[in-house]
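Visitor:
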Amino acid sequence: IVDDRKILNQYEYDVWGNVVSQKETIKNRFKFNGQQLDPITQQYYLRARFYNPVIGRFTQEDTYRGDGLNLYAYCANNPIYYVDPSGNVAKIICPNKADKIREKIANGKATPKEIKELDEFDRLNPLVNEYANLVNSNNSWEWKYHITGGDSLTKTQKKKIKNEAIDRGLIPSVKMKPGTKYPDFESEGLIQKVDYLPQELWKSSDTVQFRWLDDRITGGRPKGFTWHHSEIEGRMELVPFGIHNVINHIGGRSKGHWAFGKR
Numbered sequence: 006i007v008d009d010r011k012i013l014n015q016y017e018y019d020v021w022g023n024v025v026s027q028k029e030t031i032k033n034r035f036k037f038n039g040q041q042l043d044p045i046t047q048q049y050y051l052r053a054r055f056y057n058p059v060i061g062r063f064t065q066e067d068t069y070r071g072d073g074l075n076l077y078a079y080c081a082n083n084p085i086y087y088v089d090p091s092g093n094v095a096k097i098i099c100p101n102k103a104d105k106i107r108e109k110i111a112n113g114k115a116t117p118k119e120i121k122e123l124d125e126f127d128r129l130n131p132l133v134n135e136y137a138n139l140v141n142s143n144n145s146w147e148w149k150y151h152i153t154g155g156d157s158l159t160k161t162q163k164k165k166i167k168n169e170a171i172d173r174g175l176i177p178s179v180k181m182k183p184g185t186k187y188p189d190f191e192s193e194g195l196i197q198k199v200d201y202l203p204q205e206l207w208k209s210s211d212t213v214q215f216r217w218l219d220d221r222i223t224g225g226r227p228k229g230f231t232w233h234h235s236e237i238e239g240r241m242e243l244v245p246f247g248i249h250n251v252i253n254h255i256g257g258r259s260k261g262h263w264a265f266g267k268r
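All residue numbers for the sequence shown refer to the numbering used here, where the first residue is 6 and numbers rise by one.
#1: If you check the beta carbons only, do K36 and Y50 fall under 8 Å apart?
#2: With burial defined as no fewer than 16 other Cβ atoms inside 10 Å of the residue's Cβ, what is the status of P203: buried or exposed?
#3: In the structure shown, what three-state DSSP assignment does N57 receive?
#4: In its own chain, which residues sit with a C-beta less than 7 Å from the C-beta of V59, not counting the 5 before and 5 after it?
#5: Quick one: Cα of L293 to Cα of I31, how far?
#6: Between the C-alpha atoms of D9 and L132, what's the straight-line distance to the nearest angstrom?
#7: State buried or exposed for E205, treating a residue as buried only when at least 16 other CB atoms are found within 10 Å of its CB.
#8: How far does the beta strand (DSSP E) with S26 in it extend, from its first residue to its last?
#9: What are the start and end residues of the beta strand (DSSP E) that includes N14?
#10: Report yes or no: do three or more beta-carbon pairs, one from the region 230-239 and one from the region 249-259, lie closer than 8 Å?
#11: Taking just the CA atoms, how far does D172 sit from F63?
#12: Using a 10 Å radius around the Cβ and a threshold of 16 neighbouring Cβ atoms, would you call V20 buried or exposed?
#13: Three-state secondary structure (DSSP) at W21?
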């Protein structure tokens with residue numbers, strides 16, 4: 006969805022992730038459940054291993070032991086009631102806490118706190134997909150203009166929406182490098198290209214730096230990507246704009262680092 010609310014890409018899947026129908030006008034590799042699709046093997050990369058929707062199973066063994074004898078099963082062979090965003094363990098999504106509170110309300114046993122929690126769930130739950138779609142669109146957006154009721158959401162509520170989108174596997178979960186606030190895009194397979202700026206451009210504006218980098222790519226920078234200033238001197242990483250834009254992080258442009266200065 007772009008700024009004028011026009012839908013550019015639309016997908017419909019069966020419960021295993023096979024495409025039933027799709028309308029795609031811009032290139033997008035984040036598909037079923039927000040996971041990356043390998044265009045060559047047509048398998049989804051779930052960080053820990055690859056999932057094949059045609060056979061409905063993983064193609065590598067589960068590194069976790071104790072959840073069952075079948076080390077290749079996807080969502081315990083029940084993708085209607087389970088979700089597996091990491092490739093390691095299935096998470097129960099239904100029945101959820103909201104359903105239990107509704108049952109308590111029907112029986113007159115819900116506490117005021119539970120009723121308040123349900124009200125917030127009912128308000129925020131529909132916004133999770135809105136948020137994920139905006140992030141995965143790799144376009145600029147703002148909470149107050151592009152999220153329903155976004156101008157009245159608190160920081161805590163926004164954080165809940167983001168975390169829920171990650172938990173559901175709708176957007177990538179980018180971890181920070183151990184003991185730092187440096188994002189590890191590489192471990193998530195999000196780096197499209199790595200290049201190095203010459204030292205004379207380290208303090209230049211983003212416009213100058215990005216132009217120099219873009220000119221070194223045949224056909225220019227692909228749409229929907231931006232350059233991330235790594236903490237490593239001169240290192241620039243080409244990553245999806247959307248996920249880069251929603252991660253609170255520091256990098257080469259931060260104070261005390263190699264590219265600190267006017268952007």
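For glycine and all other residues, C-beta sits at the position ideal for the given N, C-alpha and C.
Guide: In short:
#1: no
#2: exposed
#3: strand
#4: N23
#5: The question about residue 293 has no answer, for the chain in this structure spans 6 to 268.
#6: 18 Å
#7: exposed
#8: V24 to E29
#9: N14 to Y18
#10: yes
#11: 19 Å
#12: exposed
#13: coil
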